[in-house]
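Novice: In the working numbering, the protein residues as written are 3 to 1030. The structure under discussion is supplied below as C-alpha cells; questions concerning it will follow.
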Amino acid sequence: MEENNRLEQKIAGILNDARASYATHNRKLKELSLLRFKSSSLSLFFSAFSKTLTPLFDFQRRLASAERTVAFVSAFAAARDPAADSDEFLDLFLRFLLLAAPSANKTARFRACQIVSEIILLLPDDAEVSNDVWDEVIECMKLRVRDKIPGVRAFAIRALSRFVNDTANSDILDLFLEQLALEQNADVRKMIVLSLPPSTATSQVIIDCTLDVSESVRKAAYCVLANKFPLQSLSIKLRTVILQRGLADRSVAVSKECFKLLRDEWLTKCCNGDPLELLKFLDVETYESVGETVMQTLLKADLVKLLNGASIQQYISSGDAEDGNSMHCAPSIQLIEAEASLYWRTVCQHLQSEAHAKGSDAAATMGTEAEVYAAEASDKNDLLEKILPATVDDYIDLVRAHINAGSIHRFTCRQLLLLGAMFNYSDATNRKSASAFLQELLHKPPEHEIDNEGNVVVIGDGLSFGGDNDWAQAVARLARKVHAALGEFEEVVLAIIEELAQPCRERTADYVQWMHCLSLIGLLLRHAKSMRLLQGKAIEPDELLQSLLLAGAKHAHLDVQRIAVRCLGLFGLLERKPRAELLKQLRISYIKGPHPISVEACKALIDLGMWHGPQEVDRVLNPHTSSKITSEKKSFSPVNFSDLERDLDVDTLDLLFGGFENDDWADSLTGNEDECVHAVLGEGFAKILLLSDNYPSIPPSLHPVILSKLIYLYFRDVSDHLQRLKQCLSVFFEHYPCLCANHKSCISKAFIPVMRSMWPGIFGNSGGSSFMVSQMRKRAVQASRFMLQMMQVPLYVKETQPESENGSTEMPQVIDRCAEVPFDCGEEGLALRIAIEVTSFHSKKTAAEKSYVSALCRILALLQFRLSEQGPIKLMRRLLSRTVECVSTEKDLVKELNRLAEHLMTADRQPDQEFLQDEVNLILGKLEIDFNLDLDGSVAMPQTPAAASTRTRVSRRRVRIEDDDFDEYSPAFTVPATQQTVRSRSQRASKTVAMSKMSATRSVRIDEIEEQEEEDDSDVTSEDSDEY
C-alpha cells in the first residue's frame, strides 16, 4: 500500500509538470519510464498510473494543459520499453481506454477516443500488440464513429485512419464513405476527408468535397489531393474540375490551398516548373477556360519565365520546314501545338495589360516615379514585340498556314486570331494586308460534310459565323481592330454580304450559302453600334430585312429558319422601334415553328420586350392598345395556339406566358439538354421581375402571377433535367426577396396560388397513386417552406451619403429598411392570408383538403408578428380561433397554434379595446382580400376534445439534447469511474414500487392512462407532418 501511494504521488507530480509545458515532456518521459522500470511489478505501476489519470476523464474543458497531458500520456504509452519483449503496458492501457470508450459519460468517451487515436498514430510499425487487442480497438472505434458527440466521432475516425488501407479492414473505408454522406458536423467531415486513402473509389468523393459548404472541409480536400494524388493519377476531367473550383473559390484560404497544389505539386514536381507541360495535362482544346485561368494565375504569381529567347517568331523560319507534319503549310512555317498557342496568347495579353497599366501609372504621376513607371511599360512593350511575329505579313502567313492545315488546328487558329488585335494597323500597308486576309476569312464558307444518306450537314452550332461563337468573336475583334474608323467595319462587311446575298435573292443558293450569308449578317448585327451606320452602304437595312431575313425565316430548311429568326431578333434590337412585319414573323415562328425555331423566336421576343418595353412592342402591332386597360389586368389572358390569326393580336406578355401551358415545350432540345421554351420563358420572366422598376407598363398585379409560375416551375419534377434553368432561378430567388419591400408583398400574394396549384386533389389538380400523391405533397411543402424563407430573409441595406447644410458630404450611413416594411409586405400579411384561406374551407373536408389545411397551418405557426402592428394582431386573434377549429383533430398542430395565440395575446397592448369594422376593412383592403369577418365572435381558443385531468401531473423527465460543441458541457454532469461496476437497482426497492403501483384503484389507473395518452399526443413534434 505504501509503495502504491508513493507511485501515485510521483506519477501525479510528473503529470503536473508535463501539463505545464511541452518542453518538459522528453525529460519527464524518461523519469516516468525509469519509475516504471524500478517498480516491483507492472500491475502495481499500471494500477497507480490509471488511478492517477482518472481525473482527466472527468475534466470537461479542452484547455491547453489538458491537451498537453493527453499528448504526454499518449507518447508514454506509445514508447516501447527496450527491456521488454512485448508492450504489456500498452495492452493494459488500451484495455483500460476501451472500458471508458462506451461510457455513458460523454467526457469519458471523448478522452478515451482522443488518447486511443493519439497512441495509434504515434505507434511505430514494429509495435508488439496482440491481435485481440487490435480487434477490440477497431470494433470499439467503429461503434464510436456513430457517436452522438461530434468530438468523439472525429477522434474515432482519426484512430481508424491508420487501418483504412489494410485489406483485412476494407469495411472501414465503406464506413467512412457512408458516414461522410450523412455527417452534419464540419469538423467530422474534415477528419473523414483527411483520413481517406488515395484510390479510384475515393478520388471522386474527395473532389466532391471541394463543393462543401464548410471552408475547412474544402481546404482539407485540396490538401489531401495535393499530398495523396499525383497529377498523373487523375483523369483530365478531374484535374480541370479541381482547378476550376479551387482557383475560383470564394474563400481566400481555399484558393490559396488550391494554388499551393498547383504550384508545388503539379507545376514544380510533376512538370519541372514548365507551364507548357502543365497545359498538356489539361486538354486546353476542351477546357480552354481552365487553361486560361491557370496561365493567368501563374502569370500573376510571376511563375512563368521566358528562357532562351523563346517567342512566336521561332515558328517562322526562313528555310524549308523540317517537320514532317508541316506538309500542308508554307515551307517557312512550323505548326504550333494547341497548348503553345494558348500559352503565347495569354502571355502576350498579360504583357499588354501590364504595359497599359504601367503607362497609366506613369501618366498619373510626375518626376522620378513617372520615369520608373514609363521605363517598366517600355520594357513590357519591348518584350511583347520580341514575342510577336516581326511583321503583320509574317503574322498573316502564320495564321493562313494553320487554316490551310485543316480543322484539327482550328483551336490554334483562333488563338492566333486573338493575337491580331495586338498589332498596330495605322500603317496603310499593314492595314491593306490585314484587310485582304479578312476578306478571305469572311468569304470562307462554313465547313460542311455529307452524311450517310447523302445530305449536306453544316458543322458547328448552326448560328454563329464559322460554326462557333468563339471563332466569330475572334474574327469580329480582328475586323474591328483593322477597320477601326467609324462605319468602316459595317461598310466592309455589308459589301461582302451584298456579294453573298446575290444568289439568295435570286433563289439559286443552296442551304449552305444561305447559312453563310445569314451567319455573316448575324456577325454584323451583333457588333454594329447603331442602325444608322448600316444606312447608305452596299445593301440597305430594309433590303436586308425583306429579301434575306424574312425570306430566310420562311425557308424550307429548318437550320436556315433558325439562324434567320436569330438575326431577326438582333435586327430588332438595333432599331429604335421594332417593325410590325418583324414582330409578326417572330410570333408566327414562336407559335407554329418546330421546337428549335420556337426557342429562338421566344428568345427574340423576350429580348425585344425587355429592350423596347412590352407596351411599345404591342403598340407596333396594335396602335389602339389602351394603357388603362393594361394597367388594370390582374391575370394573363388565355392563348389558343391553334388559332393563328387571333394569337397575333394578343399582348406580347400574354403570348409568352401562354407558352407555359404548352407541355410539349417542356422537353429539352436533342442537341442541348438545357434549352427548351419553358427554360427560356422562365429565365426571361425572372429577369423581368428582377428589373420590374424598368418596366412600369407591366401592371404590379401581374407580378405575383409571374412569381407563382416561376416557383411552380422551380419545384416541378420535369424541370430537374434543366440544370441551367434551376441555376438561374436559384440565383433569382436568392436576390429577389432582398431588394425591396414590394418584392416581399409579391411573395406573400403568390403563396396561396402556388400552394393551390401544387397540392394534389384540390382545385382540379390531378392526384394519382398514393406514392405520387405523397411526392407531390412533399414538393408542395418544400415550396411553402421555401417561400417562408424568402419572406423571413432580411432586406439589403442601403447606403446613402447625406449632404449637410454647408454642402459637404458626411460619412455614409447604413439604413436598414427592414423596419420600413409594412404589414402587408411582411409576415403579418402572409399569416392573415393563410388564416383566411384555412377558414374558407367547410367543416366537412376531403382527405386532400385536410392535408392541405394542415400544411398551411404548420407554416402559419412559424410566422411572427411585430408589436408595432396592433391591427393585424387583433385581426389574427379573431381568425385564429376559427383556424384551430379546422384542425382540431391534430393535437400537435393545435398545440403550436395555441402557442401562437398566447404570443398574440401577450403582444396585444389593448386587448379590451373594441375592434371596429372599418379597421378590418382597411387591413383587408391593403391585402386586397374580400372576406366577411364576424366581429361578435369570441377570440378565446377552443378547447381540445380530450378533457384535462384534475390530478396533479408528475413532471416528466425529458431527454436532454446533446450539444454539438464538446466545449460546452454542463458543470453538474458527474462522471462515473470507468472501471467501476455499475450498481444494480435493489430488488426490494423494485418490488416495493411495483406493489405500490398495483395497489392503486382501477379508476385512478384509467385516469392516469388517459392523461398519459393525452400528454404523449401533445408532445408529438411536427416532424411527422414533413412526410406530406
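We treat Cβ as the ideally placed atom computed from N, Cα and C, and that holds for glycine.
Which class does V652 belong to by DSSP, given the choice of helix, strand or coil?
Specialist: Of the three classes helix, strand and coil, the one that applies to V652 here is coil, per DSSP.
Novice: Would you report the Cα separation of A80 and F91, rounded to the nearest angstrom?
Specialist: The straight-line gap from Cα to Cα measures roughly 10 Å.
Novice: Confirm, please, whether the CB-CB distance from A183 to S216 is below 8 Å.
Specialist: Not in contact: S216 and A183 (Cβ atoms no closer than 8 Å).
Novice: List the DSSP bridge partners of I16.
Specialist: For I16, which the question treats as bridged, DSSP gives no partner whatsoever.
Novice: Taking 8 Å as the cut-off, decide whether the C-beta atoms of L881 and A837 are in contact.
Specialist: Their beta carbons are under 8 Å apart, which means L881 touches A837 by this criterion.
Novice: Roughly how many whole angstroms lie between the Cα atoms of A161 and K144?
Specialist: If you take the alpha carbons of A161 and K144, they lie about 10 Å apart.
Novice: Below 8 Å on the Cβ atoms is my guess for K388 versus S313; work out the distance and round it to an integer in Å.
Specialist: The pair is a contact, with the Cβ atoms about 6 Å apart (cut-off 8 Å).
Novice: Terminal residues of the continuous alpha helix (DSSP H) containing H680?
Specialist: That run of the alpha helix (DSSP H) goes V679 to L692.
Novice: Helix, strand or coil for H450? Go by DSSP, reduced to three states.
Specialist: Of the three classes helix, strand and coil, the one that applies to H450 here is strand, per DSSP.
Novice: Does the Cβ of K239 have 16 or more other Cβ atoms within 10 Å, making it buried, or fewer, making it exposed?
Specialist: That one is exposed.
Novice: So, are the CB atoms of E713 and V783 less than 8 Å apart?
Specialist: The amino acid occupying residue 713 in the given sequence is Ile; Glu does not appear at that position. Contact: no.
Novice: Where C604 and A366 are concerned, what is the direct C-alpha to C-alpha distance, given to the nearest angstrom?
Specialist: Cα to Cα, C604 sits roughly 49 Å from A366.
Novice: Can you tell me the Cα-Cα spacing of V292 and Q246, whole angstroms?
Specialist: Looking at the two C-alpha atoms, the distance is approximately 6 Å.
Novice: What residues in its chain sit with their C-beta under 6 Å from that of F61, if we drop five residues either side in the sequence?
Specialist: Excluding sequence neighbours, F61 sits near A68.
Novice: Taking three-plus beta-carbon pairs below 8 Å as touching, is the stretch 540 to 556 in contact with the stretch 580 to 596?
Specialist: Cβ pair count under 8 Å is three or more, so yes.
Novice: Any chance you could list the alpha helix (DSSP H) runs of at least 4 consecutive residues sitting entirely within the stretch 866 to 899, in chain order?
Specialist: You should have 872 to 888.
Novice: In angstroms, rounded to a whole number, what distance separates the CA positions of S699 and G684?
Specialist: When rounded, the distance between both Cα atoms is 20 Å.
Novice: Buried or exposed: where does R990 fall if 16 or more other Cβ atoms within 10 Å of its Cβ makes it buried?
Specialist: Any answer about R990 is weak, because its pLDDT of 44 lies below 50 and its placement is not dependable; what the coordinates show is given next. Exposed: under 16 other Cβ atoms inside 10 Å.
Novice: Is DSSP giving V460 helix, strand or coil here?
Specialist: V460 falls in the strand class under three-state DSSP.
Novice: For H445, count neighbouring C-beta atoms within 10 Å of its own C-beta (all shown protein chains included) and say buried if the count is 16 or more, exposed if not.
Specialist: The residue in question, H445, is exposed, as its Cβ has fewer than 16 Cβ neighbours within 10 Å.
Novice: Rounded to whole angstroms, what is the Cα-Cα separation between Q931 and K636?
Specialist: It should be noted that the sequence gives Ile, not Gln, for residue 931. When rounded, the distance between both Cα atoms is 13 Å.
Novice: In terms of residue numbering, what span does the alpha helix (DSSP H) encompassing T431 cover?
Specialist: A430 to H445 is the span of the alpha helix (DSSP H), which, as asked, contains T431.
Novice: Below 7 Å CB to CB, which residues in the same chain sit around I156 once its five sequence neighbours on both sides are set aside?
Specialist: Residue identity differs from the one stated: residue 156 is Ala in this sequence, not Ile. Result list for A156: D189, V190 and M193, in chain order.
Novice: Tell me which same chain residues have a C-beta within less than 8 Å of the C-beta of L560, skipping the five on either side of it?
Specialist: The answer, listed in chain order, is P596, P598 and I599.
Novice: What residues are listed by DSSP as bridge partners for L335?
Specialist: Contrary to the premise, residue 335 reads as Ile rather than Leu in this sequence. Paired residues: I318.
Novice: If you run the structure through DSSP and keep just helix, strand and coil, what is D89?
Specialist: Residue state, collapsed to three classes: coil.
Novice: Can you tell which of V394, F867 and L895 has its C-alpha closest to the C-alpha of A857?
Specialist: With distances taken between Cα atoms, A857 lies closest to L895.
Novice: Mapping the DSSP letters down to three states, classify Q116 as helix, strand or coil.
Specialist: Of the three classes helix, strand and coil, the one that applies to Q116 here is helix, per DSSP.
Novice: For S771, I'd like the list of residues in its chain whose CB is within less than 6 Å of its CB, leaving aside the five on either flank, ordered along the chain.
Specialist: Closer than 6 Å at Cβ, skipping near neighbours: no residue.
Novice: Taking just the CA atoms, how far does T270 sit from L305?
Specialist: Straight-line Cα distance between these residues: approximately 10 Å.
Novice: L179 lies in the alpha helix (DSSP H); which residues open and close that run?
Specialist: Its alpha helix (DSSP H) spans residues S172 to L184.
Novice: Write down every uninterrupted run of the alpha helix (DSSP H) in the stretch 745 to 773 whose length is 4 residues or greater and which is fully enclosed by it, in chain order.
Specialist: Within the stretch 745 to 773, no complete alpha helix (DSSP H) run reaches 4 residues.
Novice: Can you say whether D89 is buried or exposed, counting buried as having 16 or more other CB atoms within 10 angstroms of its CB?
Specialist: Counting Cβ neighbours within 10 Å, D89 comes out buried, since at least 16 surround it.
Novice: In the DSSP assignment, the alpha helix (DSSP H) including M143 goes from what residue to what residue?
Specialist: From DSSP, the alpha helix (DSSP H) with M143 extends over N133 to R146.
Novice: Please check the pair D651 and V641, which I expect to be a contact at CB under 8 Å, by giving their CB distance rounded to whole angstroms.
Specialist: Actually they do not touch by this definition, with Cβ atoms about 11 Å apart.
Novice: Could you give the first and the last residue of the continuous alpha helix (DSSP H) run that contains K221?
Specialist: Counting along the chain, the alpha helix (DSSP H) containing K221 begins and ends at E217 to K230.
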